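For reference, the structure is listed below as structure tokens.
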Amino acid sequence: MNSDTHLDGNSIGSLLQDLFGREMTDQRACCDACGAINPLATARVYVDAPGHVVRCAICGTVVLVAVTVPTGVRISFQALRWVELAP
Amino acid sequence: MERTALRGRLTWLEAEVVQLVQETARVKTIVFRVPGWTGHLPGQHVDIRLTAEDGYQAQRSYSIANANNNEHVALTVEAVENGEVSPYLVDELVAGDRIELRGPIGGYFVWEPSLGGPLQLIAGGSGLVPLMAMIRSQMSYASPVRTNLVASARSWEELIYRDELEKLSRERDDFDVVYTLTRSQPHGWNGYGRRIDKDLLAASTFAVEEAPLIFVCGPTGFVETAAAIMLELGHQPGGIKTERFGPSGG
């Protein structure tokens, strides 16, 4: 988890928008592992993999993985306790 | 402002190149006209998609550099060596060419009038792009918030928008800029010549008592250093927004 290799949740803005149909980087999410509540934009995003690995900025737990496969983009929710949709 | 800029599904739009501006040796600003563009907020970005004749597609994300201006979207792109998309954008595109674009994207790293100010911007390298959109927006408003930029670049030659920044800082008393050139400095340079540190940011940014909104953008290491220093100086975590730029394969 070298700090020079990751981006942040701003970089998955369009992926999240594809998923939820609205802007999401400003929305709060809760890490299922440590309970930290932060905007999705602040998550650490690793793009070295064949896709995106999203980790909690506080404890480093993998919360979401998005991988491009021949049939589309496969999104796996690993440790998101909740995501908030502010009106 | 335009909530439409924050909502809804993204659709690919056809964007036509209308202007190209050489910013530095390897960086160009490309201005597109995008029919159907709904407007954007400073700090937002777009996805660009290129499709090869065999159907292969490559997609990248770029920050928007201009203030909201009808159907015009300006992107400042650095040609990354051996990159898949950026060398094409910088070296091959000419006026009249068309590419696919979608956006605007992002709602966290954005400035809206309701947020107020003053506005403290801290840029490392090409992280200046979305912050320039914020500066240009402010300067277009009738009552802008006071704005202060700390811009770090490797050299004067590699500092994008330098003429515009110089002009604004001369002409406007609501805008200030402090440069630091980390690798080489012009003869007679009296600005900073080192990487950002606590002394540098303490001396060149708004004081804690002014409760500035702080936006930091640049390479990951730069952003983490700057954000940690601003916290150490006493700014509130909620008042510091960060965006990390990285080598995305160009």
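Protein chains in written order, with the numbering used here: chain A, -16 to 70; chain B, 243 to 492. All C-beta atoms in this analysis are idealised placements derived from N, C-alpha and C, irrespective of residue type, glycine included. Given the structure is predicted, the values throughout are model-derived calculations rather than measurements.
- Chain B has no Cβ within less than 8 Å of the Cβ of Asp15(A).
- Under the 8 Å criterion on CB atoms, Gly488(B) is classed as interfacial with respect to chain A.
- Here His429(B) is exposed, its C-beta having fewer than 16 other C-beta atoms within 10 Å.
- Taking a contact as a CB-CB distance under 8 Å, the pair Val465(B) and Thr484(B) counts as one, their CB atoms being some 5 Å apart.
- Bounds of the beta strand (DSSP E) holding Pro461(B) are 455 to 461.
- Between Arg5(A) and chain B, the shortest Cβ-Cβ separation is below 8 Å.
- Interface annotation for the segment 34 to 68 of chain A against chain B: empty, criterion Cβ-Cβ distance under 8 Å.
- Within chain A, no residue has its CB atom less than 8 Å from the CB of Phe274(B), the nearest being about 17 Å off.
- Scanning Gln61(A), Ser59(A), Ile(-5)(A), Val52(A) for the CA closest to the CA of Pro22(A) turns up Ile(-5)(A).
- Excluding residues up to 5 positions away in sequence, Gly285, Gln286, His287 lie with their Cβ nearer than 7 Å to the Cβ of Gly348(B) in the same chain.
- Counting along the chain, Val336(B) sits inside no beta strand (DSSP E), nor does DSSP assign it H or E at all.
- Between Gly(-4)(A) and chain B, the shortest Cβ-Cβ separation is below 8 Å.
- Its Cα nearest to that of Ser394(B), the residue Leu370(B) stands out among Ala307(B), Asp415(B), Ser385(B), Leu370(B).
- Residues of chain B with a Cβ closer than 9 Å to the Cβ of Ala24(A) are, in chain order, Gly348, Gly349, Tyr350, Phe351, Lys483, Thr484, Glu485.
- Remark: C-beta atoms of Leu357(B) and Val327(B) do not approach each other more closely than 8 Å.
- Each residue's CA atom was taken as its position, placing Arg378(B) and Val458(B) some 17 Å apart.
- When Cβ pairs closer than 8 Å are counted between the two stretches, the segment 11 to 28 of chain A is seen to touch the segment 56 to 67 of chain A, the count reaching three or more.
- Between Glu313(B) and Arg268(B), the C-beta spacing is not below 8 Å.
- Think of a sphere of 9 Å around the beta carbon of Leu(-10)(A): the chain B residues whose beta carbon falls inside it are Thr462, Glu485, Arg486, Phe487, Gly488, Ser490, in chain order.
- Interface annotation, Ser303(B): in contact with chain A, CB-CB separation under 8 Å.
- Residue pairing of Ser59(A) in beta bridges, as defined by DSSP: Val48(A).
- For Ile20(A), the number of other beta carbons within 10 angstroms of its own is below 16, and it is reported as exposed.
- Nearest to Val56(A) by C-alpha distance, out of Ala24(A), Leu(-10)(A), Ser(-3)(A), is Ser(-3)(A).
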